Every structure is written in structure tokens, then in C-alpha cells.
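Taking UniProt numbering, the leading residue of the sequence shown gets 1, the next gets one more, and so forth.
Beta carbons are placed, not taken as given, at the ideal position from N, Cα and C, and that holds for glycine.
Just so we're clear, the structure is a prediction, and the values are computed from it rather than from any experiment.
Here the structure comes first, spelled out in C-alpha cells, and everything after it is commentary.
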Amino acid sequence: MRRVQKPKAKKQSLHVVLVIVAVVLKVAEISALIVIVRKIPCNATTEDFIEDLNIPKKYLHAYYAMTDLCAATGKVCELCPLNWDAYNGKCYFFSEDRSNWTVGKMNCELRKAKLVSIENLNEQDYILKHVSLKNGHFWIGLARNGFHWYWETGEEYQGDMSATSEEHQCATYGKGLSAENCFNPNKWICKKNMSRF
1 MRRVQKPKAK
11 KQSLHVVLVI
21 VAVVLKVAEI
31 SALIVIVRKI
41 PCNATTEDFI
51 EDLNIPKKYL
61 HAYYAMTDLC
71 AATGKVCELC
81 PLNWDAYNGK
91 CYFFSEDRSN
101 WTVGKMNCEL
111 RKAKLVSIEN
121 LNEQDYILKH
131 VSLKNGHFWI
141 GLARNGFHWY
151 WETGEEYQGD
161 MSATSEEHQC
171 ATYGKGLSAE
181 NCFNPNKWIC
191 KKNMSRF
């Protein structure tokens, strides 16, 4: 007795259908990636993209709406995060919490910022005005290394900074600039560039 063989045509047509489905799925995947990539601003970094993926959808939609709005008007939009103050292309965060200098620095870094380094007299006046409204002393990005004081940017501080003891290794801004023990609890000021859209 001979065995009845199934026609090869059925196997081949099933194989062709599977290949077509695989190609269609791959095209859909590539199309989805193209749509996602086109919505990312030209100046966005990989970190920005990853950070955006971790935020709630409603904020992501607002982000894309803002990007589209700025592009439609032909203007560059500069924005600061919620609860930050904008001044001269920079964003400033004045904390309400108090902690030591290192915790303040780490908090700024978590916010993708640094403790403020004061770059000019206009910025100094701006900070002084805000600090006087908020009461207290604020950690800034100025610390002593040996006999010299350095900003978080690496630049040496050129002014007169008198520390009354060896323990005074960090700087605060209250009614003016002063040296203080880095372990004292103070508020802090973070600074970063405005987001541009």
C-alpha cells in the first residue's frame, strides 16, 4: 500500500503567508519607530528621550504639543520645570528643605542641575533679591579646596572669602556670601539651562 502524501502546494502557500505576515509586522515596527523618532526634538539627547519615557503620558502629550506649538510659531520657546524660576536663559530652584551641602548638591544633580555658580553681578543681584524674599541661608556651588575657593564649574572664586575656621569649607548666600560648616542644615539653590523647544 502506498502512503498518500499531502500536496506540497499547501505547505508552500502556508510558508508564503507566514513570510508575508512577518514582513508586514516588520514594516509596522519600523513605521512606529520612525513616528517616535520624528517627534523627538533635534537637540534631544538619549537621556532626554529615556527621561521622557518615564514620565506620565499626559505630560508627554503636553511636551509634544509644546514642541509642535513652538515649531508652528517659528520661535524658540524656553521653559523651566514647575516650581523653578526663570532668569536670563537659566532656571533656578530655591529649596524649602534644609540639609547639608552634599545633600543639596546631590538634590540638584537629581534635578539635572548643579548648585548655583554665580557668574556675574546681574545674577548675583537676582539671587540676592530672591534669597531675601525666601528667608534663610542657601547653599551655593562654592567650596574651599586648601586655601582657595572654587565654583562648581571649576573656576576659582576671585572675591574675598574669609572663613572664620577650618571647618568653614562651603559657602552660603543669605544677606551676602559667607563661609560655613558644610554639615550645617541650610536650603540650597540649583541652576540649569532652560529647556529649548
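Simplified DSSP state of residue i, which is helix, strand or coil
| i | result |
| --- | --- |
| residue 200 | There is simply no residue 200 to check, as the chain begins at 1 and stops at 197 in what is shown. |
| T67 | helix |
| A86 | strand |
| S132 | helix |
| Q169 | strand |
| S113 | Just to set this straight, residue 113 is Ala in the shown sequence, not Ser. In the structure shown, A113 sits in coil (DSSP, three-state: anything other than H, G, I, E or B). |
Residues of its chain near residue i, where Cβ-Cβ distance is below 7 Å and the 5 sequence neighbours each way are ignored
| i | result |
| --- | --- |
| P185 | R98, S99, N100 |
| T153 | S117 |
| residue 198 | This structure does not reach residue 198, given that the chain is present from 1 up to 197, and the question cannot be answered. |
| W151 | S117, G141, L142, Y157 |
Environment of residue i [buried if 16+ CB atoms lie within 10 Å]
| i | result |
| --- | --- |
| L110 | exposed |
| L82 | exposed |
| E180 | buried |
| H137 | buried |
| V131 | buried |
| K129 | exposed |
| K75 | exposed |
| G104 | buried |
Cβ-Cβ separation, residue j to residue i (assumed contact under 8 Å), whole Å
| i | j | result |
| --- | --- | --- |
| I140 | A171 | 5 Å |
| S95 | K175 | At roughly 18 Å, the Cβ-Cβ gap does not stay under 8 Å, so S95 and K175 are not in contact. |
Closest by C-alpha distance to residue i, when choosing among the options
| i | options | result |
| --- | --- | --- |
| M161 | R144, E96, K75, S95 | R144 |
| N122 | Q158, Y157, N88 | N88 |
| S165 | A71, Y157, F147 | F147 |
| A86 | K134, T67, I127, L133 | I127 |
| N135 | F183, I20, T102, Y173 | Y173 |
Residues of its chain near residue i, where Cβ-Cβ distance is below 6 Å and the 5 sequence neighbours each way are ignored
| i | result |
| --- | --- |
| V116 | I140, G141, I189, K191 |
| residue 203 | The chain is shown from 1 up to 197; residue 203 falls before or after that span and cannot be answered. |
| F93 | W84, C190 |
| E78 | M194, R196 |
| C91 | C80, W84, K192, M194 |
Sequence-distant residues of the same chain with beta carbon closer than 8 Å to residue i, five excluded per side
| i | result |
| --- | --- |
| E155 | S117 |
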